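This report refers to the structure that appears directly beneath it.
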Amino acid sequence: MNMIAKCDVCDSITFIGPKKGKAENSEELYTKPTNYQIDSRSHGFRMVQTWFSGGYVLIFLISLIFLTVPLMLFRDEFIALFTKGQLPDEIMPFIIFGGIFSCVGWCMFYSGITGLINRTVYTVEFNELRIKHGPLPWRGNKRLIPSQIKKLDIKKSSVEVNGEPRWNLFAKMINDKKIMIAARLEKKSYALYLQKILNEQLGLSEGEKKSSRKYKFKK
601 MNMIAKCDVC DSITFIGPKK GKAENSEELY TKPTNYQIDS RSHGFRMVQT
651 WFSGGYVLIF LISLIFLTVP LMLFRDEFIA LFTKGQLPDE IMPFIIFGGI
701 FSCVGWCMFY SGITGLINRT VYTVEFNELR IKHGPLPWRG NKRLIPSQIK
751 KLDIKKSSVE VNGEPRWNLF AKMINDKKIM IAARLEKKSY ALYLQKILNE
801 QLGLSEGEKK SSRKYKFKK
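Heads up: the sequence shown is residues 601 to 819, going by my numbering.
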């Protein structure tokens, strides 16, 4: 039996009906991430993710500190090493503080630079899903055949930021191998958006319907 209730205060109308099963009425909200843009000028499907965020700016600034500290502490030793090829008398402090600080600084410097200028491009054309990071080299470039993908899965990441979990999007292949598509998304609704878009582009919508998943846009 279905009923309609009306609020006397705000005149809102609410539909009241029998409760449906979870699999039959499972609506999930999705939100388009602001750093993802679909290129409408591309002949095929092309979606671009920019990496830039305040976190990468912080990493870049910290890297400059790590690179500057050894130069300040061992300025004379570095000058002697690079101009005369002479190692300092107190070699261990030079190696420990100078070497380790420099290695950490350069690693952070490269991570910060890539975060400031890199992009991830998702392309679907010629029966292939390509995921490419650049322009600076970064691990994780992929080329996948849609017919080899069973479905796209969302999993909670082990990474948390300010107590809030991050979300990963995986491609589960027909051989049950899981391949990362997008990592550490800020909200689950962002992962749901990417899942929906890529499901449509890869022709995986039928698998989505069988699971009775419905998507609702969240402003």
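Here a beta-carbon is modelled for each residue, glycine too, at the ideal position from N, C-alpha and C.
All of these numbers come straight from a predicted model, not from anything done at the bench.
- Each of ILE700, LEU792, ILE749 and GLY740 was checked against the Cα of VAL669, and the nearest Cα belongs to ILE700.
- The three-state reading of DSSP puts SER758 in strand, counting E and B together.
- Inter-residue distance for ILE797 and TRP706 is about 37 Å (C-alpha atoms, whole angstroms).
- A residue is called buried once 16 or more other Cβ atoms fall within 10 Å of its Cβ, and VAL724 is buried on that count.
- The residue from TYR630, ILE745 and PRO737 with its alpha-carbon nearest to that of ILE774 is ILE745.
- Secondary structure at GLY655: helix, using DSSP grouped into helix, strand and coil.
- Within the same chain, and ignoring the five residues on either side of ILE638 in sequence, the residues whose Cβ sits closer than 6 Å to its Cβ are MET647.
- Secondary-structure assignment with DSSP links MET672 through no beta bridge to anything.
- Counting only unbroken stretches of 3 or more residues, the beta strand (DSSP E) elements lying wholly within the segment 693-756 are 719-724, 729-734 and 742-744, in sequence order.
- Residue ILE713 holds the alpha-carbon nearest to the alpha-carbon of TRP651 among LYS684, ILE713 and HIS643.
- Annotation for LEU792: the continuous alpha helix (DSSP H) segment containing it runs 788-802.
- By the C-beta density criterion, GLY644 is exposed, having fewer than 16 other C-beta atoms within 10 angstroms.
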